[in-house]
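Undergrad: Before I ask anything, here is the structure I am working with.
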Amino acid sequence: MALFPFRRFLSVSFKLAPILVPYYIYRKTHKGKDPTPAERRKLEKQGKALFEALVSLGPSFIKLGQLLSVRPDILPQEYLKELEKLQDEVPPAPFEQVESLIRSELGSIEKVFEKFEKEPIASASLGQVYKAIYRGMQVAVKVNRPNIKKVVEEDLAVLGALLKIFGFFLDKNLSKSLEAVVEEYKAHVFDEMDYVKEARNMELIANELKGSGVIVPRVFKEVSTKSVLVMSFHEGTKITRVEELKALGVDTAKLARKLARTFLLMVLEKPIFHADPHPGNISVTEKGEIILYDYGMVGSLNEYTKKHLIRLYASFSLNDPKRIVDEMLELGLLDPSANRYVIEQGVELTLREFRGEKISEWEFQRVMELANRLIYKFPFRLPAELVMYLRMASTLEEVCKELDPQFNFLKLLTNLLEERGYLDELRREDMESFIKSIFEAGGSLLRLTPLLLRRLEREEFDGKRPVSRAHIWPSLALFAIALYASYEHAPYSFLVMVVAFVVLLIGEFRK
988 MALFPFRRFL
998 SVSFKLAPIL
1008 VPYYIYRKTH
1018 KGKDPTPAER
1028 RKLEKQGKAL
1038 FEALVSLGPS
1048 FIKLGQLLSV
1058 RPDILPQEYL
1068 KELEKLQDEV
1078 PPAPFEQVES
1088 LIRSELGSIE
1098 KVFEKFEKEP
1108 IASASLGQVY
1118 KAIYRGMQVA
1128 VKVNRPNIKK
1138 VVEEDLAVLG
1148 ALLKIFGFFL
1158 DKNLSKSLEA
1168 VVEEYKAHVF
1178 DEMDYVKEAR
1188 NMELIANELK
1198 GSGVIVPRVF
1208 KEVSTKSVLV
1218 MSFHEGTKIT
1228 RVEELKALGV
1238 DTAKLARKLA
1248 RTFLLMVLEK
1258 PIFHADPHPG
1268 NISVTEKGEI
1278 ILYDYGMVGS
1288 LNEYTKKHLI
1298 RLYASFSLND
1308 PKRIVDEMLE
1318 LGLLDPSANR
1328 YVIEQGVELT
1338 LREFRGEKIS
1348 EWEFQRVMEL
1358 ANRLIYKFPF
1368 RLPAELVMYL
1378 RMASTLEEVC
1388 KELDPQFNFL
1398 KLLTNLLEER
1408 GYLDELRRED
1418 MESFIKSIFE
1428 AGGSLLRLTP
1438 LLLRRLEREE
1448 FDGKRPVSRA
1458 HIWPSLALFA
1468 IALYASYEHA
1478 PYSFLVMVVA
1488 FVVLLIGEFR
1498 K
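This is the structure in structure tokens:
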């Protein structure tokens, strides 16, 4: 059994305590309240301090900070903005150490590769990438950082100890959220270090994107292991070098739309999606084809989650707080015991920020910022699969906006959902549910029909007032207008109006 890394524990505690203690006090005294301008400035300063501390603590904490950057249920907006800047770029390990690892996995480098460049072309927290020649072909060789597994395991032990200590002071929801982040980090970090899994992800996504004009490098399995991944090398221009792309004749606005569609269709229609579209993982060929790298971080949404995520988005487009809260409950974003009325009021206040604007004019980052503030104030929970999606969507929009300042993520998403029939499908389901409720209500009343008819005959026979139906047709007309406004081009409209007429008629006869 490995000894507890006490020295590392002291180092981490010394750097994080001056930031975490003031944050704990602030959260305890201000939960549910908006910060004053002075408090906001203080939070921004603390956010910068947290950013610097995580960078100084190394690879594990940089990765952890990236996961925290999309957790508005844990940190305030001022912290999130700083953590979004965390880049997974660190100085490379000496080649001698890397060479030793490759030899232990594949044998002599000279026997496997005709040529191997000693300077890495990319260096991240968990691994680094080199160019080489394998069987006459240019390849990229991705290698785990030497001793990275031991470093990560020690840092996880430290994080576990810190969570136990802070767990005595933190409220239950926050403590559980932090535990979930560490568990998520643990799952993803070991997956990212396992290149056999990454190779499988690459093959699966390559098959799903076949014919889309997106290049996924080919894996050379015979010289790939858990710690070394050899794949085809593709020359390209980094996607954020906009002027260089334009000089090559690439339409960057069109490229932004293609990139966003590729990722969104992966989310909506494929079994897994690439969850890390930061600029270092995307290049563009001279022909304008997209090259995707780094498949260590992938996500997936089941059909139930996809359906209700689309419904949540549709509810935002309808400015309907009640439906928004319904979908949040379905997605597990809310504690079922939470005060629904208070949350609906919070959602209503958030939606007011967009009154008078079409959803196509909304900025995804602005929506996320407002949503983050709302989530921080109320008992929201973020399931891991949605965290991956939100992180991907937020990063994706930033890249697309660099390509095209006029790019609008939500407008493209709206068009895509309409084009693929998702919104029509939801309208149809809503209509069918609505018709079912109408029939159920009508059925209850129709069971009273014999009694109603006898009463009608009796009233007419007794010479009492004739049954007035003058208000039925205006009511029906208003109902039809409301129906059309809510469900334009919806199927079964005529049938619904007929059922509504029957219900109105029966209601009149009951008088």
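Everything in the sequence shown is counted per the working numbering, starting at 988 for the first residue and increasing by one. Glycine included, every Cβ here is placed at the ideal spot set by N, Cα and C.
Give me, in chain order, the residues of the same chain whose beta-carbon lies closer than 6 Å to that of Leu-1316; leave out the 5 immediate sequence neighbours on both sides.
TA: Counting only Cβ-Cβ distances below 6 Å, and skipping sequence neighbours, we find nothing.
Undergrad: Skipping 5 residues on each side, what residues in its chain have a beta carbon closer than 6 Å to that of Arg-994?
TA: Cβ neighbours of Arg-994 beyond the five flanking positions: none.
Undergrad: Among Arg-1310, Glu-1256, Glu-1405, which one has its Cα closest to the Cα of Lys-1293?
TA: Looking at the Cα atoms, Glu-1256 is the closest of the given residues.
Undergrad: Which parts of the stretch 1241-1318 are runs of the beta strand (DSSP E), unbroken and 3 residues or longer, counting only runs that do not cross its ends?
TA: List check, beta strand (DSSP E) in window: 1269-1271, 1277-1279.
Undergrad: If we ignore side chains and look at the alpha-carbon of each, how far apart do Glu-1231 and Asp-1391 end up?
TA: Cα to Cα, Glu-1231 sits roughly 14 Å from Asp-1391.
Undergrad: So Tyr-1282 packs on Asn-1188, CB below 8 Å; how close in whole Å?
TA: Right, the Cβ-Cβ distance comes to about 4 Å (below 8 Å), so this counts as a contact.
Undergrad: Name the two residues that bound the continuous beta strand (DSSP E) containing Leu-1216.
TA: Counting along the chain, the beta strand (DSSP E) containing Leu-1216 begins and ends at 1215-1219.
Undergrad: Hey, how far is the Cα of Ala-1144 from the Cα of Tyr-1010?
TA: If you take the alpha carbons of Ala-1144 and Tyr-1010, they lie about 23 Å apart.
Undergrad: Note down, in chain order, each residue of its chain lying with its Cβ closer than 7 Å to the Cβ of Glu-1385, except the 5 sequence neighbours on either side.
TA: Cβ neighbours of Glu-1385 beyond the five flanking positions: none.
Undergrad: Looking only at DSSP bridge pairs, what is Lys-1118 linked to?
TA: Answer by DSSP bridge pairing, in chain order: Ala-1127.
Undergrad: Between which two residues does the alpha helix (DSSP H) harbouring Ile-1096 extend?
TA: Residues 1096-1099.
Undergrad: Identify whether Thr-1023 lies in helix, strand or coil by the three-state DSSP scheme.
TA: Of the three classes helix, strand and coil, the one that applies to Thr-1023 here is coil, per DSSP.
Undergrad: With 16 as the cutoff for other CB atoms within 10 Å, does Phe-1048 come out buried or exposed?
TA: Result: buried.
Undergrad: Quick one, are the C-beta atoms of Leu-1288 and Tyr-1172 less than 8 Å apart?
TA: Result no, Cβ atoms of Leu-1288 and Tyr-1172 do not sit closer than 8 Å.
Undergrad: Where does Val-1329 land, buried or exposed, given buried means 16+ other C-beta within 10 angstroms?
TA: Flag for Val-1329 reads exposed.
Undergrad: Rounded to whole angstroms, how far is the Cβ of Gly-1275 from the Cβ of Leu-1242, which I believe are closer than 8 Å?
TA: Right, their Cβ atoms sit about 6 Å apart.
Undergrad: Using a beta-carbon distance below 8 Å, is Leu-1336 in contact with chain B?
TA: Protein chain content of the structure displayed is limited to a single chain, and chain B is not contained in it.
Undergrad: If contact is defined by three or more beta carbon pairs under 8 Å, each pair taking one atom from either stretch, is the stretch 1061-1070 in contact with the stretch 1019-1037?
TA: Touching, yes.
Undergrad: Just the Cα atoms here: how many angstroms apart are Ser-1473 and Tyr-1300?
TA: Note that Ser-1473 has pLDDT 49, beneath the 50 cutoff, so the model's placement of it is unreliable and the number below is only indicative. Answer to the nearest angstrom: the Cα atoms are 16 Å apart.
Undergrad: Would you tell me roughly how many angstroms separate the C-alpha atoms of Leu-1165 and Leu-1088, rounded to the nearest one?
TA: Cα to Cα, Leu-1165 sits roughly 34 Å from Leu-1088.
Undergrad: Using 10 angstroms around the beta-carbon of Ser-1095, count the other beta-carbons present and answer buried if the total reaches 16, otherwise exposed.
TA: Ser-1095 is exposed by the Cβ-count criterion.
Undergrad: To the nearest angstrom, how far is it from the Cα of Ala-1193 to the Cα of Pro-1323?
TA: Rounded to whole angstroms, Ala-1193 to Pro-1323 spans 40 Å at the Cα level.
Undergrad: Of the choices Phe-1220, Arg-1244, Glu-1290, whose alpha-carbon is the least far from that of Thr-1520?
TA: This structure gives no information on residue 1520, because the portion of the chain shown stretches from 988 to 1498.
Undergrad: Using the Cα positions of Phe-1260 and Leu-1251, report the straight-line distance between them to the nearest angstrom.
TA: Cα to Cα, Phe-1260 sits roughly 9 Å from Leu-1251.
Undergrad: Bridge partners of Lys-1225, per DSSP?
TA: Answer is Ser-1270.
Undergrad: In angstroms, rounded to a whole number, what distance separates the CA positions of Ala-989 and Leu-1007?
TA: Whole-angstrom Cα-Cα distance: 28 Å.
Undergrad: Taking C-alpha atoms, which residue in Val-1077, Pro-992, Gln-1053 lies nearest to Tyr-1066?
TA: Comparing Cα positions, the closest option is Gln-1053.
Undergrad: When the Cα atoms are used, what is the spatial distance from Pro-1264 to Gln-1332?
TA: Straight-line Cα distance between these residues: approximately 35 Å.
Undergrad: By alpha-carbon positions, which one of Phe-1103, Arg-1132, Asn-1134 ends up nearest to Gly-1123?
TA: Considering only alpha carbons, the answer is Phe-1103.
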